Every structure is written in C-alpha cells, then in structure tokens.
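> Protein chains in written order, with the numbering used here: chain A, 1 to 135; chain B, 1001 to 1358.
Would you mind keeping the following structure in view while I ask a few things?
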Amino acid sequence: MRTPRRIAVGYDGSPDSEAALRWAASLSAALRATLRVVHAVGLLEHARLAPLAAHEERARALAAEEGMGDARVEWCVFDGDPGSVLRRAAEGEDGAELLVVGTRGAGAHPGSLLGSTSLGLAERAQVPVVVVPVP
Amino acid sequence: MLILAGPVGAHEHDGGSHPERPARVGAVLQGIADLHLGSDLLTVDAPPATRNDLLAVHDAQYLDELEAFSRRGGGELDPDTYVTGTSWDAALRAAGAGLAAVEVLRARGEGVAFVAVRPPGHHAERGRGMGFCLLNNVAVTAAALASSGARVVVVDWDVHHGNGTQEIFWDEPDVLYVSTHQWPLYPGTGRPEEVGGVDAIGATLNVPVPPGATGDVLRQAMDDVIAPAVESFRPDWVLVSCGYDAHRADPLAELALSSADFAALARGAAALAPSPGRLVLFLEGGYDLQAIRRSTAATLGALVGDAAQPEEPTFGGPGSEAVRTAGRDRKRAIDEAWDRVLGAGSLDAPVTRRRSTY
C-alpha cells in the first residue's frame, strides 16, 4: 500500500468532526501529507438561513495544534451532502487517497443510523475511510 | 380533469421558521383554486402507505428508527432536516397519496393527478432521510407501478438533484430517472456521467445547468436530451418530481424560471406520457409562497386546458452549452459503462445483458 500524500477530512464544527480533524492533521503531519479540510454546505447554509460559522479559522487552528503547517492545509467548501462532497474530494488525479470522518456529524443521533454520514461513506467511497470516535 | 391527491402537510410537520413549512401546501391549494376548475377537480384522500409499500424503497431499520424518533417528539435529522411528533404520520400519508392518485387514474382512464403533499421526498435515500425529505413519495409510487410490470419515467425538475430517487432506482431498468437541476448545488450529486448501475445502464439521466439558467435552457434540455431518451425508453407512466424552487423568486437557489416556464415543462412532460391518465405530479421543493401559487396555477392550467399565465416565459440565461455537454458526457459514460460490462464477460459467466438504446 502506498503512503497517502493527500488526506481529506470532513468538518462541520461538531465535536466529532473536531476529533476527526485532529486525528487527520496528526497523521498528515507525520506523513508530510497535504490535509484537505472539507466543509459541505447544506440547503439552509447555502441560502444563508443557517449561520455561517467561522469554520475555516477554527479548522486551521486545530490543525496547527497537531503540528500541521498552514501551507499544507487546504480549506475546501462545496455545496452538497457531506457524504457526496467527501467522495468528490477523493476523485480525480489530485484526489485524496484517504478519507477521515467523525463517528457522528451535526444533527446525528447516537445509537442510530439516523443522520449517519460515516456509514454511507464507508459503503460507497473508492478510497479507504477512517472513522474517528470522540476520545 | 384534475385529480388532487391530498392535501397532506397543510398543518402538521411544522418546523417553525423553517422554509419547508405547512404554508407551502396552502399556496398550492390557492394556485389550484385560481383555476376555478369546478367539476373538473376531483379531490381524493391520501391514505397512509403500508409497510410493504415503504419497504419497496426504504430499509426496515430506517423506517423503524424514523418512526420511533418522531413518536418521541423528533428533533434534527441533520442540519437541514427536522422531524416533529406529527412527522411520521404526515410522511406516511404523503407516501401513500401517489398510490391513491394512480388508482383513480387507472379507474377513469383519463385526467392528470397532482399529489399535494409534504414533507417532500426526492432526497430521501433507502436508508436515510435528508434535505427536508423523510420518505421518498415519488419512489413509492414508481416502485409500485414497476412491480406491476409497468415501465416508469420519473422527471425531476426540482432545482436540486433528486439523489434519493436516483439511488433507489440506480439498478432498476424499468424506472428511468431524469433530472434537471442547478449545478453546483446541494446535494452534490447529479452529474451527466451518473447513468445508472450495471443492471440499468442509461436508466439515469442528469442534466445539470448553471446558476441563472432560464426557462429556454430547461426547455432545450427537455426537447434535445430528455425527450429522445424517454421516447426510446417507452414508458407506461410519467411521474414528475415537481419542485418550484427553480423559480427566480425562490430563496434557496439561483435558477431564473418564471411560472410560465413550468407550464412549458408540464406540457413537455405530458407529451412523454403514452396515453391520457398516465401523468402524476408530486410536489417537491419551492419555498416562495407567491411563486408556488403562480407556478401551480400555470403548471396545472397548462395540463387541464386553462392556458392563463401571469408571467412571461424566460430566455437568455446561461446553460445552453451545459445542456449540449451533458448530452455528450452522458453518451460517453454509457458507452464506457457498456464496455466495462461487456469486457467483464467470460465463458463461465456469459454476458446476457442487451445494450439499451436510451
């Protein structure tokens, strides 16, 4: 197996996504890989009916705490459902070779499939997927 | 004759200030009242879909968890999608309304049906609600028709791609899923290269168009890309995922259609039906109440003979080249998919699939 040079992590500001980002940033730093932080814009956020959080600033700060230099952190925002957006981040010649997600995103429910992005992603992604639990 | 199935959701499944709200159904009913149809309007009640109806398109575990979640009072399913204590019962009736409409159309052998329900459905996947949608209403009806041996086309002109309907019928050769939608936009699926699974190559057709696209661009998509594919498919039924959020007044997206453009799209969809009494439209999105009212009147007026249009058709927006590109990219993707399937054949596993022409 080839060492991943590009790692993508889903980030929505939830505690689970923060844990996933920290794990992905730590691995990226160790492997000298590029970290692609992906934020999916939903229906309400697109229409500015949900608050636009300062996600990028927070994500970059978390990555820096894990030893990632800012030059190797890419902030990517796409319209879409988190699962389809993360799959897209792994497509193409410069696509990510590893996807990282938290166990549960915003609005999801412990002990239930309701709202789960990670399970659908694990089923459909074309590259390895790491699901990171909250410590 | 207009068959109105429902209404469902005019009072229940209320998320407060959320844009997917009960008043949307009220706006639809006002649009229908504007047509003054009199005895040409027949309203049929929407019975709840049965467990078996739902299991044709949804996983049992998802149904169980959604029902339990609603019975407990609900909450957020994802950052866009809410569930309340009345959502499950409303969703069941929304999913059953299309079946009641088909039953009436079959008995009468003529007419057009409009399924005036919410919560909407086309984002709901087999195992997941999302994008304001809980149960996939149009898919429940399409699956029931397909199981009776019918060939079904689902035309989805909601401004968002119907990822749920596409996923549910990805490998179903007797259901042709067709979508026009703004790109890029939520949910991030719906590229022309998405043409269906190995058992249904070509039975998914996506025509994404850029923000600002006007009615002439959608009509071009209907005439040049969609109609030829549907004619080759030869459907027995035409179902429409009828969102009104491609209207220029809609707050959730950036297409630029007028109500008159929906009338033209409706006439295009009606022309795809093999005979009278085989067209059913399902309310999906649309979040500006005045646009919903005008567009409902224009759409249904075009189908039941009243051509009154309060707005002019729109022209001149971007997207004509995108439509042409979508047609080319789709054809290439279909050819590549068939090459992969036929190339995978061997003496031990002879290829028996026949290359489709749609």
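Glycine included, each C-beta is placed from N, C-alpha and C at the ideal position.
It should be emphasised that the depicted structure is a prediction, and the values quoted were computed from it without experimental measurement.
Do you know offhand how far residue 1145(B)'s Cα is from residue 1151(B)'s?
Stepping through the second sequence from its first residue, residue 1145(B) is reached at position 145. Stepping through the second sequence from its first residue, residue 1151(B) is reached at position 151. Going by the C-alpha atoms only, they are around 8 Å apart.
> Taking the alpha carbon of residue 1266(B) as the reference point, which residue from 1304(B), 1159(B) and 1169(B) has its own alpha carbon closest?
Here residue 1266(B) refers to the residue found at position 266 when the second sequence is read from its first residue. Checked all of 1304(B), 1159(B) and 1169(B); the closest Cα to residue 1266(B) is 1304(B).
> So, helix, strand or coil for residue 1074(B), using DSSP?
Against the second sequence, residue 1074(B) aligns to sequence position 74. Three-state DSSP puts residue 1074(B) in a strand.
> Within 9 Å (strictly less), CB to CB, does residue 1101(B) reach chain A?
In the second sequence, counting from the first residue as 1, residue 1101(B) sits at position 101. For residue 1101(B), the answer is no, since every Cβ of chain A falls outside 9 Å of its Cβ.
> CA-CA distance, residue 1177(B) and residue 1221(B)?
On the second sequence, residue 1177(B) is found 177 positions in, with the first residue counted as 1. On the second sequence, residue 1221(B) is found 221 positions in, with the first residue counted as 1. Looking at the two C-alpha atoms, the distance is approximately 14 Å.
> If you reduce the DSSP assignment to three classes, tell me which class residue 1299(B) lands in.
By one-based count along the second sequence, residue 1299(B) stands at place 299. Looking at residue 1299(B) - three-state DSSP - the assignment turns out to be helix.
> In the DSSP assignment, what residue or residues form a beta bridge with residue 132(A)?
Taking the first sequence and counting its residues from 1, one reaches residue 132(A) at position 132. Residue 132(A) is bridged to 102(A).
> Mapping the DSSP letters down to three states, classify residue 1008(B) as helix, strand or coil.
Counted from its first residue, the second sequence places residue 1008(B) at position 8. Strand.
> Would you mind telling me which residues of chain A sit closer than 9 Å to residue 1184(B), beta carbon to beta carbon, in chain order?
Numbered from 1 along the second sequence, position 184 holds the residue referred to as residue 1184(B). Correct list: 78, 79 and 80.
> Assuming residue 1097(B) and residue 1195(B) are in contact, meaning their beta carbons sit under 8 Å apart, how far apart are those beta carbons, in whole angstroms?
Within the second sequence, the letter at position 97 stands for residue 1097(B). Within the second sequence, the letter at position 195 stands for residue 1195(B). So it is not a contact: roughly 30 Å between Cβ atoms.
> Tell me the rounded alpha-carbon separation between residue 44(A) and residue 1182(B).
What you label residue 44(A) is simply residue 44 of the first sequence in a count that begins at 1. What you label residue 1182(B) is simply residue 182 of the second sequence in a count that begins at 1. Residue 44(A) and residue 1182(B): Cα-Cα distance of roughly 16 Å.
> Anything in chain E within Cβ reach of residue 47(A), meaning under 7 Å, just list it in chain order.
The structure shown contains no chain E; its protein chains are A and B.
> Jot down the residue ranges of each uninterrupted alpha helix (DSSP H) in the region 1225-1300 of chain B, minimum 4 residues, whole runs only, in chain order.
List check, alpha helix (DSSP H) in window: 1227-1233 and 1259-1272.
> Could you check whether the Cβ of residue 1008(B) sits closer than 8 Å to any heavy atom belonging to the ligand GDP?
Only the bare structure without any ligand can be found here, which leaves the ligand GDP out of the picture.
> By the 8 Å beta-carbon criterion, what residues does the region 83-94 of chain A contribute toward chain B?
So the list reads 84, 85 and 88, given in the order they occur along the chain.
> Kindly list, in the order they appear in chain A, the residues whose Cβ is closer than 7 Å to that of residue 1080(B).
For the purposes of this step, residue 1080(B) is taken as the residue at position 80 of the second sequence. The contacting residues are 42, 43 and 44.
> Between the alpha carbons of residue 77(A) and residue 1027(B), how many angstroms are there, rounded?
Sequence index remark: in the first sequence, residue 77(A) carries index 77 (1-based). Sequence index remark: in the second sequence, residue 1027(B) carries index 27 (1-based). Between residue 77(A) and residue 1027(B), the C-alpha separation is close to 34 Å.
> As a quick exercise: from 98(A), 29(A) and 96(A), pick the residue whose alpha carbon is nearest that of residue 63(A).
For the purposes of this step, residue 63(A) is identified with residue 63 of the first sequence, where counting begins at 1. Here the closest residue by C-alpha is 29(A).
> Whose C-beta lies closer than 6 Å to the C-beta of residue 1315(B) among residues of the same chain, with five residues either side of it excluded?
The residue you call residue 1315(B) lines up with position 315 of the second sequence. Hits under 6 Å: 1214 and 1216.
> Mind the definition here: the region 1029-1045 of chain B touches the region 1287-1299 of chain B only if three or more C-beta pairs lie below 8 Å; say whether that holds.
Yes: the two stretches touch, three or more of their Cβ pairs being nearer than 8 Å.
> If you measure between the beta carbons of residue 1159(B) and residue 1185(B), is that distance less than 9 Å?
Position 159 of the second sequence, counted from the start, is the residue given in the question as residue 1159(B). Position 185 of the second sequence, counted from the start, is the residue given in the question as residue 1185(B). Result yes, Cβ atoms of residue 1159(B) and residue 1185(B) sit closer than 9 Å.
> Looking at the C-beta of residue 12(A), does it have a partner C-beta in chain B at a distance below 9 Å?
Here residue 12(A) refers to the residue found at position 12 of the first sequence. Closer than 9 Å to some Cβ of chain B, the Cβ of residue 12(A) qualifies, so yes.
> Leaving out five residues before and five after residue 1173(B) in sequence, what residues of the same chain have Cβ atoms less than 7 Å from its Cβ?
As a first step, residue 1173(B) must be located in the second sequence, where it is residue number 173. Answer for residue 1173(B): 1199, 1200 and 1203, listed in chain order.
> Pick out whichever of 1018(B), 1043(B) and 1246(B) has its Cα sitting closest to the Cα of residue 1029(B).
What you label residue 1029(B) is simply residue 29 of the second sequence in a count that begins at 1. Closest option to residue 1029(B), Cα to Cα, is 1043(B).
> Do the CB positions of residue 1211(B) and residue 1235(B) come within less than 9 Å of each other?
Here residue 1211(B) refers to the residue found at position 211 of the second sequence. Here residue 1235(B) refers to the residue found at position 235 of the second sequence. For residue 1211(B) and residue 1235(B), no; Cβs fall outside 9 Å.
> Alpha carbon to alpha carbon, how far is residue 22(A) from residue 1271(B)?
The residue labelled residue 22(A) in the question sits at position 22 within the first sequence. The residue labelled residue 1271(B) in the question sits at position 271 within the second sequence. Between residue 22(A) and residue 1271(B), the C-alpha separation is close to 55 Å.
> So which residues of chain B does residue 120(A) contact, with C-beta pairs closer than 7 Å?
The residue you call residue 120(A) lines up with position 120 of the first sequence. Simply 1128.
> Which one of 1123(B), 1218(B), 1246(B) and 1137(B) has the shortest CA to CA distance from residue 1239(B)?
One-based indexing of the second sequence puts residue 1239(B) at position 239. It is 1137(B).
> Mind pulling the beta strand (DSSP E) runs of 3 or more residues that sit fully within the region 1099-1163 of chain B?
Entirely contained in the region 1099-1163 of chain B, the beta strand (DSSP E) runs reaching 3 residues are, in chain order, 1112-1117 and 1152-1156.
> By alpha-carbon positions, which one of 1237(B), 1061(B), 1311(B) and 1283(B) ends up nearest to residue 1103(B)?
The residue given as residue 1103(B) occupies position 103 in the second sequence. The shortest C-alpha separation from residue 1103(B) is found at 1237(B).
> To the nearest whole angstrom, what separates the beta carbons of residue 40(A) and residue 4(A), a pair I think is in contact under 8 Å?
Numbered from its first residue, the first sequence carries residue 40(A) at position 40. Numbered from its first residue, the first sequence carries residue 4(A) at position 4. With a Cβ gap of about 21 Å, residue 40(A) and residue 4(A) do not count as contacting.
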